[in-house]
Amino acid sequence: MKISTKGRYALRLMIDVAIHQKEGYVALRDAAQRQGISVKYLEQIAGMLSKAGMLLSGRGPQGGYRLAKEPETYTVGSILRLTEGDLAPVACLEGDENRCERSDACATLDFWTGLYAAVNAYVDRFTLADLVHSELEKMKQAGR
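Going from the sequence shown to the working numbering is simple: count from 1 and add 57.
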């Protein structure tokens, strides 16, 4: 499994918004500049996050984005699943039911199932608040 640019940038955008929303709505151009990401790409990602109810958008000169809920309520897993889809390491584990005709005799299914469980447990263990806290600590140490 490899997390795409979209997934990585979505996490970075959510962290940026969480850190800067106390100043009001966060303009994408400002987030793009801070994160070194194109505004066009962030527009696509912000639209997806907004449509899913993770971000709220505001229009006008003071417009931009802010979190729809507190950072503690978002898991890293929820953000990645939105942008990446299922985090399954193999196709047969995607979705609710394993439809592989070899699942009863598969020598590796237990391994893949365990890996999938470990990945989900790991990404769901961390919240956006955890990542924000870590980023603020790095900023403090760097004197930013």
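Glycine included, every Cβ here is placed at the ideal spot set by N, Cα and C.
Do you know offhand how far residue i's Cα is from residue j's?
| i | j | result |
| --- | --- | --- |
| Thr165 | Phe183 | 28 Å |
| Ala148 | Arg156 | 10 Å |
| Tyr66 | Gly104 | 13 Å |
| Leu185 | Ser114 | 19 Å |
| Thr170 | Lys63 | 25 Å |
| Gln92 | Ile102 | 13 Å |
| Glu141 | Glu151 | 12 Å |
| Ala199 | Tyr173 | 36 Å |
| Cys163 | Pro146 | 15 Å |
| Arg116 | Val83 | 11 Å |
| Lys97 | Gly81 | 21 Å |
| Lys195 | Asp161 | 48 Å |
| Tyr131 | Glu158 | 36 Å |
| Ser61 | Leu99 | 14 Å |
So, are the CB atoms of residue i and residue j less than 9 Å apart?
| i | j | result |
| --- | --- | --- |
| Gly134 | Leu144 | yes |
| Met58 | Val176 | yes |
| Leu85 | Ala109 | no |
| Val189 | Ile76 | yes |
| Val180 | Leu112 | no |
Would you list the residues sitting across from residue i in a DSSP beta bridge?
| i | result |
| --- | --- |
| Ser114 | Tyr122 |
| Thr184 | Thr132 |
| Val189 | Its beta-bridge partners do not exist; DSSP assigns none. |
| Val96 | In DSSP, Val96 forms no bridge with anything. |
| Val147 | Partner(s): none; Val147 has no beta bridge. |
| Val83 | Tyr122 |
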